[in-house]
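> Going down the list, the protein sequences come from chains Z and W. Under the numbering used here, the first sequence has 168 at position 168, and the numbering climbs by one with no breaks. Remember, the numbering used here sits 1000 above the position in the second sequence when you count from 1.
Protein chains: 2
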Amino acid sequence: MTRVLVVEDDAAILRGLKDNLEAESYEVLTATDGEVGYELIRDAAPDLVVLDLMLPKMSGYELCKKVRDEGMTTPIVMLTARGEEADQVLGLDLGADDYVTKPFSVRELLARIRALLRRTNPEPTALDELRFDDVIVDFRRYEASRGNEKIKMTRKEFGTLRLLAERAGLVVTRHDLLKEVWGHGHEPTTRTIDNHVASLRAKIEKDPSQPKRILTVHGVGYKLDV
Amino acid sequence: MTRVLVVEDDAAILRGLKDNLEAESYEVLTATDGEVGYELIRDAAPDLVVLDLMLPKMSGYELCKKVRDEGMTTPIVMLTARGEEADQVLGLDLGADDYVTKPFSVRELLARIRALLRRTNPEPTALDELRFDDVIVDFRRYEASRGNEKIKMTRKEFGTLRLLAERAGLVVTRHDLLKEVWGHGHEPTTRTIDNHVASLRAKIEKDPSQPKRILTVHGVGYKLDV
DNA sequence: TCCTCCGTGACATCTCCATGACAACCTCCG
DNA sequence: CGGAGGTTGTCATGGAGATGTCACGGAGGA
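#1: Helix, strand or coil for Ser-145(Z), going by three-state DSSP, please let me know.
#2: Could you tell me whether the Cβ atoms of Met-78(Z) and Leu-51(Z) are closer together than 8 Å?
#3: Would Leu-163(Z) pass as a contact of Val-181(Z) if the rule is Cβ separation under 8 Å?
#4: Out of Arg-1201(W), Leu-1048(W), Asp-1069(W), which has the shortest C-alpha to C-alpha gap to Leu-1117(W)?
#5: Mind pulling the chain Z residues with CB within less than 8 Å of Tyr-1142(W)?
#6: Please go through the same chain and pick out, in chain order, the residues whose beta-carbon is closer than 7 Å to the beta-carbon of Lys-1018(W), but skip the five residues on each side of it.
#7: What are the uninterrupted segments assigned as beta strand (DSSP E) that are 3 or more residues long and contained completely in the segment 15 to 46 of chain Z, given in chain order?
#8: So, are the CB atoms of Leu-1200(W) and Glu-1166(W) less than 8 Å apart?
#9: Put Asp-225(Z) into one of helix, strand or coil per three-state DSSP.
#10: Which residues in the same chain as Leu-170(Z) place their Cβ atom closer than 7 Å to its Cβ, once the five residues preceding and following it in sequence are excluded?
#11: Hey, is Arg-1155(W)'s beta-carbon within less than 8 Å of any beta-carbon in chain Z?
#12: For the alpha helix (DSSP H) holding Thr-1192(W), just list the boundary residues, first then last.
#13: Answer yes or no: do Gly-1221(W) and Arg-1174(W) have a C-beta to C-beta separation smaller than 8 Å?
#14: Of all the options Leu-109(Z), Asp-176(Z), Glu-149(Z), which has the alpha carbon lying nearest to the alpha carbon of Val-226(Z)?
#15: With a threshold of 8 Å between beta carbons, is Ser-1025(W) in contact with chain Z?
#16: Would Gly-1016(W) pass as a contact of Val-1106(W) if the rule is Cβ separation under 8 Å?
#17: Assuming the contact rule is C-beta atoms closer than 8 Å, Lys-1102(W) and Thr-1080(W) should be a hit. Round their C-beta distance to whole Å, please.
#18: Sorted by chain position, which residues of the same chain lie with C-beta nearer than 6 Å to Ile-1193(W)'s C-beta, five sequence neighbours on each side aside?
#19: Report the CB separation of Val-197(Z) from Thr-154(Z) in whole angstroms; it is logged as a contact under 8 Å.
#20: Under the assumption that Leu-14(Z) contacts Glu-8(Z) (Cβ atoms under 8 Å), give the Cβ distance between them as a whole number of angstroms.
#21: Checking contacts by CB at 8 Å: is Lys-179(Z) closer than that to chain W?
#22: For the alpha helix (DSSP H) that contains Phe-1158(W), what are its first and last residues?
#23: On the premise that Gly-1183(W) lies in contact with Met-1001(W), defined as a C-beta separation below 8 Å, what is that separation, rounded to the nearest angstrom?
#24: Determine the extent of the beta strand (DSSP E) in which Asp-176(Z) is found, giving its start and end residues.
#25: Who pairs with Phe-1132(W) in a beta bridge, going by DSSP?
#26: How far does the alpha helix (DSSP H) with Val-67(Z) in it reach, from first residue to last?
#27: How many Å lie between Glu-62(Z) and Pro-75(Z) at the Cα?
#28: For Asp-1043(W), does the count of other Cβ atoms within 10 angstroms reach 16, so buried, or fall short, so exposed?
#29: Give me the Cβ distance between Val-4(Z) and Pro-56(Z), rounded to the nearest whole Å; I'm assuming they're in contact under 8 Å.
#30: Using alpha carbons as the reference points, say which of Cys-64(Z), Lys-212(Z), His-218(Z), Leu-127(Z) lies closest to Glu-39(Z).
#31: Please tell me whether Gly-1132(W) and Arg-1068(W) are closer than 8 Å, where the distance is taken between their beta carbons.
#32: Nearest to Ser-145(Z) by CA position, among Ala-115(Z), Ala-96(Z), Val-172(Z), Ile-204(Z), is which residue?
#33: Let's see if you can read the secondary structure: which residues bound the beta strand (DSSP E) around Arg-140(Z)?
#34: Assign Val-1217(W) to one of two classes, buried (16 or more other C-beta atoms within 10 Å of its C-beta) or exposed (fewer than that).
#35: Excluding sequence positions up to five away, which residues of its chain have a Cβ less than 7 Å from the Cβ of Leu-1092(W)?
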């Protein structure tokens, strides 16, 4: 099972993350200060670390640097309070792999974690489920429902929605979709993508003519807001 | 976007390389003889050149030498037919940066290209977010806000602002903007840029008629002060 | 075979962009 | 100090390009 370490001093946030991560079937370790966090990274070898920037004893900053200086490559997602810090986290060669700005959406953090694990772990960590409003999409079972109604979705629709969900909140270009969902070689017209998005909207949007979830970013691509 | 020029007279190979490079999100220019190749290197300023040794009009050999003699440092990967030639390419201080021997593996060539780009063009850390005053711009989400109000920005506006932000404090010329934001081929009047700057100011400046953030440097360009 | 799903093209619609004209401005030099 | 020439700010407008939508034909699986 994939093991995630969360280092966070705010008890409420820590609890929330732990619950959510466990609901996603991760094994969760926790620490509330930098020193314990460091020991756990070293001794428990988690597959990924979620690290708050502000911490007692040793800041996330120092912790990240120390870990990297000692040659460990454990993927780290930073929780940063403000935007300016974010740049530094990734920029100053601190060695964090991704970051999320507080206040963050748990859903987004989970998506980032999944993406990062997939990027760094050879074994693909698939996104299992997507939920919003009264819509539930289960990517493992290839099933979807809305309220009590089942929704019939096709393979390409699942693929498209899944990529959007894995990058929840971020813009996904048509090119990305072609590459990830259609794969090498097969490269249909971009018209095709619009059609699949249209049919997705017809199935999961409350008002398909006024999409609130699958948004168009003119000239760029689409993004999923959850 | 990173721009790669491929100079190759064999149509099949050229096509294959173009497809593969585009699949890796490079912008690809092509030429089938040395003379056109030379003009493109000079005028289109690609980030990297893949150069066949045997070419009509001007051989890859001459082309490489000419380019270097004129002081251009564009990284060049040579495609050589036989092993013996390879040594010469690098050895006779022709100025190529790397080479691949035909028949080559596309995967290997792509890896060489990536490595060479990393070596020569350390990519400026992609900027995700920009904040000042009560303005927040998120370049990954293509979202912007000011206080609690969402700001609607277009693709070109995001691109323009992003380049300014990546070089915060430094002057960015109109030429730079055309090259980075508009890309090769499309080259509108510089008037167009003024218009985009104007609409950016209207959206993010407190008093658009007295800009404090996006400043004009008369006769040179614009710069962002944050 | 039948049916589902996918890719494509055509068309309507909408957004965004490029352009040119003119006014305001800056700079440099007389 | 003032004026000329070049540069920039601003606006309105036409049009290019992107997207939404629909219907059709074909491929492949059941």
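For each residue, glycine too, the CB sits at the ideal point set by N, CA and C.
From the atom records:
#1: The sequence position of residue 145(Z) within the first sequence is 145, counting from 1. Reduced to three states, the DSSP call for Ser-145(Z) is strand.
#2: Indexing the first sequence from 1 puts residue 78(Z) at position 78. Indexing the first sequence from 1 puts residue 51(Z) at position 51. It is a contact, given that the beta carbons lie within the stated cut-off.
#3: Within the first sequence, numbered from 1, the residue matching residue 163(Z) stands at position 163. Within the first sequence, numbered from 1, the residue matching residue 181(Z) stands at position 181. Yes, the pair counts as a contact, with Cβ atoms nearer than the cut-off.
#4: Here residue 1117(W) corresponds to residue number 117 of the second sequence, with the count starting at 1. When only C-alpha atoms are compared, the closest one is Leu-1048(W).
#5: Here residue 1142(W) refers to the residue found at position 142 when the second sequence is read from its first residue. Correct list: Val-171, Val-217, Val-220, Lys-223.
#6: Translated into the one-based positions of the second sequence, residue 1018(W) becomes position 18. Contacts found: Val-1006, Val-1028, Thr-1030.
#7: 27 to 31
#8: Residue 1200(W) sits at position 200 when you count from the first residue of the second sequence. Residue 1166(W) sits at position 166 when you count from the first residue of the second sequence. No, the Cβ-Cβ distance between Leu-1200(W) and Glu-1166(W) is not below 8 Å.
#9: Reading the first sequence from its first residue, position 225 is the one you call residue 225(Z). In the structure shown, Asp-225(Z) sits in coil (DSSP, three-state: anything other than H, G, I, E or B).
#10: Here residue 170(Z) corresponds to residue number 170 of the first sequence, with the count starting at 1. These residues qualify, in order along the chain: Lys-223.
#11: As a position in the second sequence, residue 1155(W) is number 155, starting the count at 1. At least one chain Z Cβ lies under 8 Å of Arg-1155(W).
#12: On the second sequence, position 192 is the one that residue 1192(W) refers to. From DSSP, the alpha helix (DSSP H) with Thr-1192(W) extends over 1190 to 1204.
#13: In the second sequence, counting from the first residue as 1, residue 1221(W) sits at position 221. In the second sequence, counting from the first residue as 1, residue 1174(W) sits at position 174. Contact: yes.
#14: Mapped onto the first sequence, residue 226(Z) falls at position 226. For the residues Leu-109(Z), Asp-176(Z), Glu-149(Z), the minimum Cα distance to Val-226(Z) belongs to Leu-109(Z).
#15: Counting from one through the second sequence, the residue named residue 1025(W) turns up at place 25. Yes, contact with chain Z.
#16: As a first step, residue 1016(W) is located in the second sequence; it is residue number 16 there, counting from the start. As a first step, residue 1106(W) is located in the second sequence; it is residue number 106 there, counting from the start. For Gly-1016(W) and Val-1106(W), yes; Cβs fall inside 8 Å.
#17: Here residue 1102(W) refers to the residue found at position 102 when the second sequence is read from its first residue. Here residue 1080(W) refers to the residue found at position 80 when the second sequence is read from its first residue. With 8 Å as the limit, Lys-1102(W) and Thr-1080(W) qualify as a contact, their Cβ atoms being about 7 Å apart.
#18: Stepping through the second sequence from its first residue, residue 1193(W) is reached at position 193. Here the set comprises Arg-1174, Leu-1177.
#19: Translated into positions along the first sequence, residue 197(Z) becomes position 197. Translated into positions along the first sequence, residue 154(Z) becomes position 154. Contact flag wrong, Cβ pair sits at about 13 Å.
#20: Position 14 of the first sequence, counted from the start, is the residue given in the question as residue 14(Z). Position 8 of the first sequence, counted from the start, is the residue given in the question as residue 8(Z). Right, their Cβ atoms sit about 4 Å apart.
#21: Residue numbering aside, residue 179(Z) sits at position 179 when the first sequence is read from its first letter. Yes, because at least one Cβ of chain W sits closer than 8 Å to the Cβ of Lys-179(Z).
#22: For the purposes of this step, residue 1158(W) is identified with residue 158 of the second sequence, where counting begins at 1. Start and end: 1155 to 1166.
#23: Sequence index remark: in the second sequence, residue 1001(W) carries index 1 (1-based). Sequence index remark: in the second sequence, residue 1183(W) carries index 183 (1-based). Indeed they touch by this definition, with Cβ atoms about 7 Å apart.
#24: Here residue 176(Z) is taken as the residue at index 176 of the first sequence, counted from 1. Counting along the chain, Asp-176(Z) falls outside any beta strand (DSSP E), though it belongs to the alpha helix (DSSP H) covering 174 to 177.
#25: Looking up residue 1132(W) in the second sequence gives position 132. DSSP, once it has assigned bridges, lists Val-1135(W) as partnering Phe-1132(W).
#26: Reading the first sequence from its first residue, position 67 is the one you call residue 67(Z). Per DSSP, Val-67(Z) belongs to the alpha helix (DSSP H) from 60 to 69.
#27: Walking along the first sequence from the start, residue 62(Z) turns up at place 62. Walking along the first sequence from the start, residue 75(Z) turns up at place 75. If you take the alpha carbons of Glu-62(Z) and Pro-75(Z), they lie about 16 Å apart.
#28: Translated into positions along the second sequence, residue 1043(W) becomes position 43. With fewer than 16 Cβ atoms within 10 Å of its Cβ, Asp-1043(W) is classed as exposed.
#29: The residue labelled residue 4(Z) in the question sits at position 4 within the first sequence. The residue labelled residue 56(Z) in the question sits at position 56 within the first sequence. Not confirmed; about 21 Å, so no contact.
#30: Here residue 39(Z) refers to the residue found at position 39 of the first sequence. Considering only alpha carbons, the answer is Cys-64(Z).
#31: Numbered from its first residue, the second sequence carries residue 1132(W) at position 132. Numbered from its first residue, the second sequence carries residue 1068(W) at position 68. A quick correction: the sequence has Phe, not Gly, at residue 1132(W). No, the pair does not count as a contact, with Cβ atoms beyond the cut-off.
#32: Residue 145(Z) sits at position 145 when you count from the first residue of the first sequence. For Ser-145(Z), the nearest C-alpha among the options comes from Ile-204(Z).
#33: Against the first sequence, residue 140(Z) aligns to sequence position 140. First-last for Arg-140(Z): undefined, no H or E at that position.
#34: Counting from one through the second sequence, the residue named residue 1217(W) turns up at place 217. It counts as exposed.
#35: On the second sequence, position 92 is the one that residue 1092(W) refers to. Only weak support is given to the placement of Leu-1092(W): the predicted model assigns it a pLDDT of 49, under 50, and the value that follows is read from those uncertain coordinates. For Leu-1092(W), where only same-chain residues beyond five positions count, there are no Cβ hits under 7 Å.
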